[in-house]
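Protein chains in written order, with the working numbering: chain A, 2 to 272; chain B, 2 to 272. Just so it is clear, CB atoms sit at the ideal spot from N, CA and C, and this is done for glycine as well. These figures come from a predicted structure and were not determined experimentally.
Protein chains: 2
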Amino acid sequence: MQSGHPLDIATQLTPEGDGRLSGRTTADYWNMTGPYGGITAAILLRAVVDDPRRLGNPVALTVNFCAAIAAGAFEVVLVEQRRSRSTQHWSVELRQAGATTATASVVCGLRRETFAHAPVTPPRLPPIEEVAPADTSGRMNWLQRYRFHFAEGAPVFGTVPLAQLGSARSLLWLSDAPARPLDFVSLAAMADAFILRLLQVRGTFVPGSTVSLTTYFHATAEELQAQGSAPLCGVADARRFNAGFHDQTIELWGTGGTLLASGVQVVWYKE
Amino acid sequence: MQSGHPLDIATQLTPEGDGRLSGRTTADYWNMTGPYGGITAAILLRAVVDDPRRLGNPVALTVNFCAAIAAGAFEVVLVEQRRSRSTQHWSVELRQAGATTATASVVCGLRRETFAHAPVTPPRLPPIEEVAPADTSGRMNWLQRYRFHFAEGAPVFGTVPLAQLGSARSLLWLSDAPARPLDFVSLAAMADAFILRLLQVRGTFVPGSTVSLTTYFHATAEELQAQGSAPLCGVADARRFNAGFHDQTIELWGTGGTLLASGVQVVWYKE
């Protein structure tokens with residue numbers, strides 16, 4: 002454990018032997034009726050990151066949210082599926098009372114010097130000093146674990162739907178609160194730290210939840226270390242809301258315009 | 002089986018009881034040294050689609066390519082992890098000689114009338130009659146299973162690297178060859194039918210392969226049926242090539258500008 006940071010406490014796992022680890026949910030990252038999805042993603046990734054068999058660093062993470070996670074104890078079951086010289090595949094499950102509540106796959110990869118190319122231009126936003134922090138006081142606990150400075154597409158959190166739909170795009174400065182040096186575990190959590198585009202577009206609360214979340218880690222360990230606890234530039238958008246499901250796309254950029262992570266998720270919604 | 006179409010033959014599975022199914026690779030979708038990744042995705046999805054326990058239709062698919070798949074027999078192992086009123090989570094594995102060569106997660110969802118919104122503009126490209134078909138004769142077998150009409154970013158397939166890097170973006174008309182009415186299984190295959198952006202950008206062959214592939218099915222069954230065998234508009238791009246891995250993003254649009262599927266993949270490359 003790096004410190005008493007809420008993220009480290011929330012993702013702490015105790016090895017119980019035979020690929021099983023035990024943990025507990027924490028109030029610090031509570032969402033409406035269960036843990037914030039990003040913290041579940043971080044827990045499942047941390048099981049791999051802390052495993053002595055790990056090859057290189059995380060490259061890809063997919064988390065499937067199968068059922069509600071209750072407050073209290075959980076078990077993580079970790080299986081190394083295959084490894085080659087350059088890649089390693091893991092399957093991870095989160096279980097409560099013997100039932101699977103989340104499944105994940107993690108790909109780790111050995112990074113090395115190769116051809117490098119970044120054809121996409123980083124988004125531009127004003128310096129963080131010129132962008133007001135969002136006031137999330139009194140809202141869900143997990144929102145208190147991040148500092149959000151929205152340059153575009155700030156959430157409305159209204160009590161009635163917007164008369165005209167809001168933009169699905171948000172552009173913001175994002176960092177852990179309290180500050181914490183960036184690593185793969187916190188990056189996995191942050192990749193879900195965008196308000197559901199459903200709420201963003203409609204401006205009010207609508208029952209919905211993420212069913213599947215995929216994050217790619219473009220960053221090397223050195224790049225994360227260089228980033229430290231400086232805020233990331235985040236961008237989120239969506240393409241289609243239809244018949245009870247919508248997609249959500251995100252990017253997290255580091256200082257100097259380095260793409261550190263990108264992600265997609267699919268969200269179920271009720272009406 | 003719908004017909005003698007190569008896709009239906011390649012994805013044919015025989016239930017062996019207890020969530021196990023047997024199948025065989027086919028030459029029709031062969032890539033350089035193993036089956037085309039899209040056909041493996043289609044096989045793993047078809048195991049779910051054909052299962053009588055299926056709830057609604059596919060919403061999300063993630064396939065992890067763990068190891069080389071050899072020509073010949075394989076086994077598919079299917080586990081229904083959880084189901085709720087609206088969603089159902091499956092884990093699927095492809096095994097050869099007792100070893101896991103690919104893993105997948107599939108989310109199915111019950112579609113119903115809800116709020117609908119499509120904030121993204123479809124890409125524009127000339128009518129298919131005005132875009133020349135790509136000549137893939139003599140190349141890998143799986144390329145013969147599609148008709149590609151590139152409006153932008155046609156593959157170079159050169160013998161030496163491009164002096165100036167090519168664009169990572171391609172825009173094309175894409176359809177099965179021979180023609181086949183679109184369904185979730187063929188859409189899953191097509192989501193991988195974009196030449197690796199690595200080869201596109203560099204203009205020549207470089208050893209590399211997909212390690213993880215995620216596809217979201219935005220389309221309802223009715224929309225797929227309406228599409229029939231008409232060509233789809235496909236767009237592919239990439240954001241970052243670095244230290245042995247790059248991402249790839251795709252969208253598949255139907256007639257009338259309906260987003261039918263979107264996807265991401267992460268590709269390992271050697272140098």
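Please classify residue i as buried or exposed, where buried requires at least 16 other C-beta atoms within 10 Å of its C-beta.
| i | result |
| --- | --- |
| Gln338 (chain A) | No answer is possible for residue 338 (chain A): it lies beyond the span of chain A, which begins at 2 and ends at 272. |
| Gln226 (chain A) | exposed |
| Ala152 (chain A) | buried |
| Ala103 (chain B) | buried |
| Leu233 (chain A) | buried |
| Asp136 (chain A) | exposed |
| Gly99 (chain B) | exposed |
| Met191 (chain A) | buried |
| Ser263 (chain A) | buried |
| Ser230 (chain A) | exposed |
| Thr15 (chain B) | exposed |
| Ile213 (chain B) | Strictly speaking, residue 213 (chain B) in this sequence is Ser, with Ile absent from that position. So Ser213 (chain B) ends up on the buried side. |
| Pro134 (chain A) | exposed |
| Arg314 (chain A) | Any property of residue 314 (chain A) remains undetermined from this structure, which presents chain A solely from 2 to 272. |
Contact criterion: CB-CB distance below 9 Å. Does residue i meet it with respect to chain B?
| i | result |
| --- | --- |
| Gly110 (chain A) | yes |
| Leu260 (chain A) | yes |
| Thr160 (chain A) | no |
| Cys234 (chain A) | no |
| Gly20 (chain A) | no |
| Glu272 (chain A) | yes |
| Val202 (chain A) | yes |
| Glu252 (chain A) | yes |
| Ala98 (chain A) | no |
| Val207 (chain A) | yes |
| Val60 (chain A) | yes |
| Met2 (chain A) | Since pLDDT at Met2 (chain A) reaches only 44, below the 50 mark, its modelled position is unreliable, and no value is offered. |
| Ala68 (chain A) | yes |
In whole angstroms, give me the CA-to-CA distance for residue i and residue j.
| i | j | result |
| --- | --- | --- |
| Ala117 (chain B) | Gly20 (chain A) | 43 Å |
| Leu111 (chain B) | Val60 (chain B) | 9 Å |
| Asn65 (chain B) | Val268 (chain B) | 11 Å |
| Asp9 (chain A) | Val265 (chain A) | 24 Å |
| Met2 (chain B) | Ser92 (chain B) | Bear in mind that a pLDDT of 44 at Met2 (chain B), under 50, signals an unreliable position, so the model cannot answer this. |
| Val186 (chain A) | Phe206 (chain B) | 35 Å |
| Leu46 (chain B) | Val107 (chain B) | 7 Å |
| Arg113 (chain A) | Trp254 (chain A) | 21 Å |
| Tyr270 (chain A) | Pro208 (chain A) | 6 Å |
| Ala239 (chain A) | Thr160 (chain A) | 22 Å |
| Gly245 (chain A) | Leu175 (chain B) | 28 Å |
| Gly139 (chain A) | Ile40 (chain A) | 20 Å |
| Pro123 (chain B) | Ala74 (chain B) | 41 Å |
| Val121 (chain A) | Trp143 (chain B) | 29 Å |
| Arg54 (chain A) | Phe149 (chain B) | 43 Å |
| Gly235 (chain B) | His6 (chain A) | 45 Å |
| His219 (chain A) | His247 (chain B) | 8 Å |
| Gly167 (chain B) | Arg241 (chain B) | 14 Å |
Against chain A, with Cβ distances strictly below 9 Å, would residue i count as a contact?
| i | result |
| --- | --- |
| Pro120 (chain B) | yes |
| Arg181 (chain B) | no |
| Asn65 (chain B) | yes |
| Phe140 (chain B) | The sequence as given places Arg at residue 140 (chain B); Phe does not occur at that position. Taking Cβ atoms only, chain A never reaches closer than 9 Å to Arg140 (chain B), which makes this a no. |
| Val212 (chain B) | yes |
| Ala1 (chain B) | With chain B represented from 2 up to 272, any question about residue 1 (chain B) goes unanswered, as that position is not in the structure. |
Just to make sure I have the definition right: I need the residues of chain A whose C-beta is within less than 8 Å of the C-beta of residue i. Which are they?
| i | result |
| --- | --- |
| Gln248 (chain B) | A small fix is needed here, since residue 248 (chain B) is Asp in this sequence, not Gln. Those are Tyr217, His219, Ser263, listed as they occur along chain A. |
What residues of chain B sit near residue i, judged by a beta carbon separation below 8 Å?
| i | result |
| --- | --- |
| Ala244 (chain A) | Arg112, Arg113, Glu114, Thr115, Ala117, Thr221 |
| Asn32 (chain A) | Under the 8 Å cutoff, chain B gives no residues; its nearest Cβ is about 17 Å from Asn32 (chain A). |
| Thr104 (chain A) | Gln82, His90, Ser92, Ser106 |
| Val314 (chain A) | Since the first residue of chain A shown is 2 and the last is 272, residue 314 (chain A) is not available in this structure. |
List, in chain order, every chain B residue whose beta-carbon is nearer than 7 Å to that of residue i.
| i | result |
| --- | --- |
| Trp269 (chain A) | Ser87, Thr88, Gly110 |
| Ala239 (chain A) | Pro120 |
| Thr101 (chain A) | Gln82, Arg83 |
| Val50 (chain A) | Those do not exist, as Val50 (chain A) stays about 17 Å from chain B at its closest Cβ, beyond 7 Å. |
Starting from the beta carbon of residue i, find every residue of chain A whose beta carbon is closer than 7 Å, and list them in chain order.
| i | result |
| --- | --- |
| Leu166 (chain B) | His118 |
Quick one: is the Cβ of residue i within less than 8 Å of any heavy atom of the ligand MG?
| i | result |
| --- | --- |
| Tyr147 (chain B) | The ligand MG is not part of this structure, which contains no ligands at all. |
In chain B, what lies closer than 9 Å to residue i by C-beta?
| i | result |
| --- | --- |
| Ala169 (chain A) | His118, Pro120, Val121 |
Just to confirm the assignment: which complete beta strand (DSSP E) runs, minimum length 3, are found wholly within the segment 23-73 of chain B?
58-66
Could you name each continuous beta strand (DSSP E) segment of 3 residues or more that falls completely within the segment 158-231 of chain A, going from the start of the chain to the end?
171-177, 209-218
Could you give the uninterrupted runs of the alpha helix (DSSP H) lying entirely in the segment 89-163 of chain B, keeping only those of 4 residues or more?
none
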